[in-house]
Amino acid sequence: MGVTMDGTKQQRRGNTRQRIQDVALELFAEQGYEKTSLREIAERLDVTKAALYYHFKTKEEILVSVFEDLTQPIQDLIEWGEGQPHTLAIKLEIVRRYSRVLAEAGPLFRFMQENQATVRELRIGDTFKDRMRGLRSIFVDPDAPLTDQVRCISAMFTLHAGMFVMQDLEGDPQKKQEAVLEVALDLVTQAHQGSDRSA
């Protein structure tokens with residue numbers, strides 16, 4: 000361990016922060032946010048509470064940082080999408096990218112689903128709503144017929160359902176994820192064709 004104290008100290012510090020986030024999220028998911036203490040997080044990490052404290056002063060700080068790190072790609076996607084035309088190819092790319100973001104942030108979203116009261120209290124719920132609204136704005140064409148707007152929004156929810164509901168279905172996780180993505184892409188394609196018909 001002492002060997003890494005030279006040039007890679009900064010990198011190791013970054014990894015420690017991420018390890019704290021991962022372990023905290025595991026514990027929050029297992030026993031609930033309220034029942035988890037900083038001491039338990041430190042114990043599972045096998046570090047002192049002081050070492051944990053160096054990175055985060057409260058468990059709220061940990062959760063907010065997890066949320067910000069894991070949902071930053073949604074913000075990046077929104078910013079990218081705002082500069083793009085409302086074409087089918089772009090919308091399909093948004094669905095694919097969002098699907099990847101959700102896959103990477105799966106544990107966080109499952110935690111949010113199961114601890115909605117905590118999420119509301121910690122104000123990350125508001126940030127999340129803003130991100131969802133931003134996503135909708137790059138994804139749903141406001142001039143499209145209502146049924147097609149619903150199809151696009153349903154595509155987003157299909158991806159969300161894929162994370163929560165699909166866990167209970169039998170089958171290979173990779174295949175399930177592909178099936179969910181295919182249905183979401185279908186919905187967006189149908190919506191786009193609908194808009195073309197009415198143009």
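No gaps in the numbering here: position 119 of the sequence shown is 118 in numbering that gives the first Met the number 0, and each next residue is one more. All C-beta atoms, glycine included, are put in the ideal place defined by N, C-alpha and C.
Just to confirm, are residue i and residue j a CB contact at a threshold of 7 Å?
i    : j    : result
L134 : I77  : yes
G193 : D147 : yes
V73  : V94  : Strictly speaking, residue 73 in this sequence is Ile, with Val absent from that position. Contact flag unset, no.
K48  : A41  : yes
D54  : R16  : The identity of residue 54 in the sequence shown is His, whereas the question assumes Asp. The answer is yes: Cβ separation under 7 Å.
T157 : A178 : no
Where residue i and residue j are concerned, what is the direct C-alpha to C-alpha distance, given to the nearest angstrom?
i    : j    : result
Y52  : Y32  : 18 Å
T7   : T70  : With a pLDDT of only 42 at T7, under the threshold of 50, the placement of this residue in the model should not be trusted, and no figure is reported.
A23  : N14  : 14 Å
P144 : H191 : 10 Å
E81  : D140 : 12 Å
D167 : A50  : 38 Å
W79  : P172 : 29 Å
A102 : A154 : 15 Å
L37  : Q115 : 21 Å
V65  : K58  : 11 Å
Q112 : E169 : 21 Å
L44  : D185 : 43 Å
H159 : L26  : 22 Å
Taking the alpha carbon of residue i as the reference point, which residue from the options has its own alpha carbon closest?
i    : options               : result
T117 : D21, V22, R18, A28    : A28
V187 : K58, L91, R38, D21    : L91
C151 : E103, Q83, L87, D171  : L87
Q83  : F138, V164, L158      : F138
L189 : F163, D68, V149       : According to the sequence provided, residue 189 is Gln. The question's Leu does not apply to it. Answer by Cα proximity: V149.
M162 : T126, Y97, F127       : Y97
D68  : A160, W79, Q20        : Q20
E107 : S136, I61, E120, R132 : As written in the sequence, residue 107 is Leu, which differs from the Glu given in the question. Among S136, I61, E120, R132, the Cα nearest to that of L107 belongs to I61.
Please list the terminal residues of the continuous alpha helix (DSSP H) segment that includes residue i.
i    : result
F138 : 123 to 138
Q115 : 115 to 120
T157 : 145 to 163
E39  : 37 to 44
For a test of the three-state rule: what should DSSP assign to residue i, helix, strand or coil?
i    : result
A50  : helix
G105 : helix
L168 : coil
D75  : helix
E33  : coil
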